[in-house]
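Asker: The sequence shown stops at residue 366 when you use our numbering, and every number in between is there.
Yeah, the Cβ is synthetic: ideal placement off N, Cα and C, and Gly gets one too.
On a predicted model such as this, the values are computed, not experimentally measured, just so you know.
This is the structure I want to talk about, given as structure tokens.
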Amino acid sequence: MSAFTGLVACAISSAFFGSMFVPVKKFNPGDGMFTQWIMACAILAIGIIVNAINDFPQFQPLAMLGGALWALGNLTAVPIINMIGLGMGILVWGTVNCIVGWATGRFGLFGINPSIPEYPMVNYLGLLMVVVGGFLFAQIRPTLNTDADEYSAVNIEEEQNEERNLLGDEIVGEPDVAIIGNNMPRSFKRSLGLGLSLLAGMLYGVTFVPVIYIQDHKEDFRNPPKAAIAYAFSHYCGIFLTSTAAFLVYLVYTQNSPYVNSKAILPGLFSGLLWAVAQLSWFVANDALSQAITFPIISMVPGVIASIWSIFYFKEIQGRRNFRVLLIATSITLTGAVLVGISK
Numbered sequence: 023m024s025a026f027t028g029l030v031a032c033a034i035s036s037a038f039f040g041s042m043f044v045p046v047k048k049f050n051p052g053d054g055m056f057t058q059w060i061m062a063c064a065i066l067a068i069g070i071i072v073n074a075i076n077d078f079p080q081f082q083p084l085a086m087l088g089g090a091l092w093a094l095g096n097l098t099a100v101p102i103i104n105m106i107g108l109g110m111g112i113l114v115w116g117t118v119n120c121i122v123g124w125a126t127g128r129f130g131l132f133g134i135n136p137s138i139p140e141y142p143m144v145n146y147l148g149l150l151m152v153v154v155g156g157f158l159f160a161q162i163r164p165t166l167n168t169d170a171d172e173y174s175a176v177n178i179e180e181e182q183n184e185e186r187n188l189l190g191d192e193i194v195g196e197p198d199v200a201i202i203g204n205n206m207p208r209s210f211k212r213s214l215g216l217g218l219s220l221l222a223g224m225l226y227g228v229t230f231v232p233v234i235y236i237q238d239h240k241e242d243f244r245n246p247p248k249a250a251i252a253y254a255f256s257h258y259c260g261i262f263l264t265s266t267a268a269f270l271v272y273l274v275y276t277q278n279s280p281y282v283n284s285k286a287i288l289p290g291l292f293s294g295l296l297w298a299v300a301q302l303s304w305f306v307a308n309d310a311l312s313q314a315i316t317f318p319i320i321s322m323v324p325g326v327i328a329s330i331w332s333i334f335y336f337k338e339i340q341g342r343r344n345f346r347v348l349l350i351a352t353s354i355t356l357t358g359a360v361l362v363g364i365s366k
């Protein structure tokens, strides 16, 4: 597989990851548990289709572990945003994800083979630039839309007592959903939010390790496929089972009174579809380029895509200062991504 194919896959993956939350942006996710499960259903559906296209390759249980790790990280997203905010949360988990994923591929951690770029110094410089770009993105101060029909994870607290979600003629879930971290002391909440962000970033950063380990140790597994994309179904099964287990625990905890926004179901499915396609593209990119190349690009460039949506669609980013910071951050991030790409 050519490097060009890998870079195209990186571009597709970045575009879809940067757009995945657009469908659910206008709908209150509550505590996020139902939404993440709906996304997992869509992800599994795409996995089934890909599995059929690949002529049903041998199922690899170890590959499920990578999906489970990602799902565990995803469960922390809404609590993190409630504790430390969207910008800081994405900065921390995105940066840790980038560094952990890059280091795993570059130095061969967790038993996988190291992948040394042809131009190591160019790779290091590109990595540094995308991390700096991510830090600058966090300095942008969005102008939040306060229209009654628009929601985001950061304004759940203000909106939750005003909304009753209906499915058919029945009320689903309590209107006063508890927000994790809402009653914690500010300093403890911030520390816990940062800790969860670090944990999420590490979980995201090792999500591909089981698949790459199987590819590097074929003799230890039964009929392992050569192409990484053939492991997608096993990977997505891990996501679905972990997400479902977490949702069942949540149902028990809430005494079968989950917070369900019926209007968010279809957008949630579409968001899951976007994520699934983005992850498939990342599998392809890893095969062509290695983690040392793909992680700095796909971990950080989606922030550029999300910012474009914020400017032209949601109108969240306004003002000269924000535009200056955005221009600088975008330029640095894209330059870093190009350097990482050519370091192959």
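Leaving out five residues on either side along the sequence, give the residues of the same chain with a beta carbon under 7 Å from the beta carbon of LYS366.
Answerer: Excluding residues within five positions, the ones whose Cβ falls inside 7 Å are ALA25, PRO139, GLU140, LEU311 and ILE315.
Asker: Once you ignore the five residues that flank ASN145 on each side, which residues in its own chain have a CB closer than 7 Å to its CB?
Answerer: Contacts found: PRO139, ALA314, VAL362 and SER365.
Asker: Is LEU356 helix, strand or coil when you go by DSSP?
Answerer: Looking at LEU356 - three-state DSSP - the assignment turns out to be helix.
Asker: Comparing alpha-carbon positions, which option in PHE255, PHE132, MET206 and ILE68 lies nearest GLN80?
Answerer: When only C-alpha atoms are compared, the closest one is PHE255.
Asker: Counting Cβ pairs closer than 8 Å, one from the stretch 273 to 282 and one from the stretch 44 to 57, do we hit at least three?
Answerer: Touching, yes.
Asker: If you drop the 5 nearest sequence neighbours on each side, which residues of the same chain put their C-beta closer than 8 Å to that of ILE287?
Answerer: Hits under 8 Å: ILE60.
Asker: Only counting runs of 4 or more residues, tell me where the alpha helix (DSSP H) segments fall wholly within the stretch 36 to 115, in order along the chain.
Answerer: Runs found: 55 to 75, 83 to 97 and 99 to 106.
Asker: Would you mind reading off the limits of the alpha helix (DSSP H) that contains GLY223?
Answerer: Looking at the DSSP string, the run of the alpha helix (DSSP H) that includes GLY223 is 208 to 227.
Asker: Can the beta-carbon of THR352 be found less than 8 Å from the beta-carbon of SER329?
Answerer: Yes; because the gap between Cβ atoms is below 8 Å, this pair is in contact.
Asker: Is the beta carbon of LEU296 less than 8 Å from the beta carbon of PHE38?
Answerer: Yes, the Cβ-Cβ distance between LEU296 and PHE38 is below 8 Å.
Asker: Nearest to ILE65 by CA position, among ASN96, TRP92, GLY294 and VAL152, is which residue?
Answerer: The residue with the shortest Cα to Cα distance from ILE65 is GLY294.
Asker: Which of helix, strand or coil does DSSP assign to GLU338?
Answerer: Of the three classes helix, strand and coil, the one that applies to GLU338 here is coil, per DSSP.
Asker: Would you be able to state if there are at least three C-beta pairs under 8 Å between the stretch 116 to 133 and the stretch 336 to 343?
Answerer: The stretch 336 to 343 vs the stretch 116 to 133: no contact.
Asker: Rounded to the nearest angstrom, what separates PHE132 and ASN308 at their Cα positions?
Answerer: C-alpha separation (whole angstroms): 16 Å.
Asker: Does DSSP put PHE345 in a helix, in a strand, or in coil?
Answerer: Three-state DSSP puts PHE345 in a helix.
Asker: Find out if the Cβ-Cβ distance for the pair VAL114, PRO51 is shorter than 8 Å.
Answerer: Not in contact: VAL114 and PRO51 (Cβ atoms no closer than 8 Å).
Asker: By Cβ distance below 7 Å, which residues in the same chain neighbour VAL231 in space, the five residues on each side in sequence not counted?
Answerer: Excluding positions up to five away in sequence, the list reads GLY88, THR126, PHE132 and ILE134.
Asker: Does the count of Cβ pairs from the stretch 237 to 247 and the stretch 43 to 50 closer than 8 Å reach three?
Answerer: At 8 Å Cβ cutoff, the stretches do not touch.
Asker: Any idea if THR168 is buried or exposed, counting beta-carbon neighbours within 10 angstroms, 16 or more meaning buried?
Answerer: In this prediction, THR168 scores a pLDDT of 45, lower than 50, which makes its location untrustworthy; no coordinate-derived value is stated.
Asker: Can you check whether the CB of PHE317 is closer than 8 Å to the CB of TRP92?
Answerer: Going by C-beta atoms, TRP92 is not nearer than 8 Å to PHE317.
Asker: Quick check on the DSSP output: the alpha helix (DSSP H) that includes SER284 runs from which residue to which?
Answerer: Element bounds for SER284: n/a, residue is neither H nor E.
Asker: Whole angstroms is fine: what's the gap from ASN278's alpha carbon to ILE261's?
Answerer: Computed Cα separation, rounded: 22 Å.
Asker: Beta-carbon within less than 6 Å of GLY215's beta-carbon, same chain only, minus the 5 sequence neighbours each way: which residues are those?
Answerer: Once the five neighbours on either side are set aside, the close Cβ partners of GLY215 are ILE102, MET105 and ILE106.
Asker: Enumerate in chain order the residues of its own chain whose CB-to-CB distance from VAL228 is below 8 Å, with the five nearest sequence positions on each side excluded.
Answerer: Around VAL228: GLY88, LEU91, VAL122, GLY123, THR126 and PHE132.
Asker: What is the DSSP secondary structure of ASN187, counted as helix, strand or coil?
Answerer: Residue confidence for ASN187 is low, a pLDDT of 42 falling below 50, so the modelled location carries little weight; the figure read from the coordinates is stated next. In this structure, ASN187 counts as coil in the three-state DSSP scheme.
Asker: Can you have a look at PHE210 and say buried or exposed, based on whether 16 or more other CB atoms are within 10 angstroms of its CB?
Answerer: So PHE210 ends up on the exposed side.
Asker: On the three-state DSSP scale, how would you describe HIS257?
Answerer: Correct three-state label for HIS257: helix.
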